[in-house]
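Numbering (the numbering used here), first residue to last: 58 to 453.
C-beta atoms are modelled at their ideal positions from N, C-alpha and C, and glycine is treated no differently.
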Ligand code: ADP
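So, in structure tokens, the structure goes:
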């Protein structure tokens, strides 16, 4: 291998040292790859085969000794020299580095004349060893004890951090639930009065007033839908399915009527292809929520002039719901992530749509709780199809 191709992996967090080594060794034709910490060094070592590794022992986190031990365990680095580069010149420091897996020990400050010479020696096969085997055994024992102590400390820190996160998550859930309840009460009154206005029960309205009431009703329904999603999501974990025999098409009838009206108002064609499906065991409220989330999205992400179709296929062992739209579609990279809670595709168009990113997370939970599956196919600019397959556990 020519010298120009030789690679030095340097694990060091200090920028001055990084620059210095890069300058000294770069001038000799080496390629110096810098890793800021141990895990980055391990990742770089995995991707590239360095000719030599220089490790600063004082790096934070996974320290230089541990990084060396980790690098030593990688089979492709078996013959690659790992040399400690450190300011620690205390008695025993060199031996401690050697038992951790280093092949040599260079004390800082870095000497610009000596470093290339030392690096060349290690590349040529120099391997330093601890002088006495008995000393090595003692040092190894002390090193492994220190590793276990550090591990124990980390486990304790992680357990404490995990407990704190769980408590914060519980508090967040509690806060979201009480916030949604608090907001829902006044919103219900508001929607009730708007309906009375809309029906003319509080006196005749002028044309502009009627238009304004329509806008207010639509906005408050959106808000109510968002709050429902939030509440539903918060309560998902503790909610047991309330299974009963229901006729799918019948159960969805009120929702269909509301969606049909909404589609008309949005200038969308809305077809339903659903015969009289046989009864099946399902949670009625959850079933409606599932269809609502999927239809709400289909209507939300399809522009005026488009088409949304709901198909219910009735099979002896399963029920298949298909919701198709001719809307904006979803790029491939987002297709799996959209089922994660709070995930929304950030396009300028999606931005102006109301939503919390919970609809599909709820839908997936409901489908899986019924032992079913939900899948999506989509072509950006052409539309999306969500397919739900629910096993027909038993038909009473
Ligand atoms: P929300 O609709 O409240 O944002 P969802 O969980 O229902 O949350 O959906 C997550 C994201 O998936 C949406 O923000 C949107 O980007 C994308 N998405 C879902 N359904 C469709 C659809 N029919 N057409 C295009 N994009 C969709």
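Put simply, of 433, 450, 119 the residue whose alpha carbon is nearest the alpha carbon of residue 203 is 119. In this structure, DSSP gives residue 421 a helical state, which the three-state scheme calls helix.
Cα atoms of residue 283 and residue 413: separation of roughly 7 Å, rounded to the nearest angstrom. Taken through DSSP and simplified to helix, strand or coil, residue 207 comes out as helix.
C-alpha of residue 304 to C-alpha of residue 350: approximately 19 Å in a straight line. About 4 Å separates the beta carbon of residue 355 from that of residue 365, a gap short enough to meet the 8 Å contact definition. For the alpha helix (DSSP H) assignment, the uninterrupted runs of no fewer than 4 residues enclosed by the region 160 to 229 are, from N- to C-terminal side, 171 to 180. Within the region 69 to 129, the runs of alpha helix (DSSP H) at least 4 residues long that lie entirely inside it are, in chain order, 72 to 83, 95 to 104, 121 to 129. Residue 146 sits in coil when the DSSP states are folded into three classes, being neither helix nor strand. Residue 400 has its CB nearer than 8 Å to a heavy atom of the ligand ADP.
Taking a contact to require three or more Cβ pairs closer than 8 Å, the region 177 to 192 and the region 124 to 134 do not qualify as touching.
Around the Cβ of residue 258, a 10 Å sphere holds fewer than 16 other Cβ atoms; the residue is exposed.
The three-state secondary structure of residue 391, taken from DSSP, is helix. Between the ligand ADP and the CB of residue 113, the shortest heavy atom gap is not smaller than 8 Å. Closer than 8 Å to some heavy atom of the ligand ADP: that describes the Cβ of residue 391.
By the criterion of at least three beta-carbon pairs nearer than 8 Å, the region 86 to 94 is in contact with the region 62 to 70.
For residue 258, there is no enclosing alpha helix (DSSP H), as DSSP marks it with neither H nor E. According to DSSP, residue 381 shares a beta bridge with 366, 442. Annotation for residue 417 indicates a beta carbon within 8 Å of some heavy atom of the ligand ADP.
Residue 84 has its alpha-carbon roughly 14 Å from the corresponding atom of residue 75.
In the structure shown, residue 375 falls within a strand segment according to DSSP collapsed to helix, strand and coil. In the DSSP assignment, residue 328 falls within the unbroken beta strand (DSSP E) covering 326 to 331. Sixteen is the threshold: since fewer than 16 other Cβ atoms of the shown chains lie within 10 Å of the Cβ of residue 302, the residue is exposed. The three-state reading of DSSP puts residue 136 in coil, since its state is none of H, G, I, E or B. Annotation for residue 359 indicates a beta carbon within 8 Å of some heavy atom of the ligand ADP. The bridge partners DSSP lists for residue 435 are 441.
Residue 209 and residue 114 have their C-alpha atoms roughly 21 Å apart. Going by DSSP, residue 313 is part of no beta strand (DSSP E) but of the alpha helix (DSSP H) stretching over 310 to 323. Here residue 382 is near residue 359, since their CB atoms are less than 9 Å apart. The beta carbons of residue 244 and residue 281 sit closer together than 9 Å.
Pairing residue 141 with residue 187 gives a Cβ-Cβ distance that is not under 9 Å. Excluding its 5 nearest sequence neighbours in each direction, residue 138 has C-beta neighbours in its own chain below 8 Å: 109, 110, 160, 161, 179, 180, 183, 184, listed in chain order. For residue 337, the beta-bridge partners assigned by DSSP are 303.
Distance from the CA atom of residue 437 to the CA atom of residue 392, rounded to whole angstroms, is 11 Å. The region 384 to 403 makes contact with the region 422 to 435, as at least three CB pairs between them are under 8 Å.
In the three-state reduction of the DSSP assignment, residue 297 falls in the coil class.
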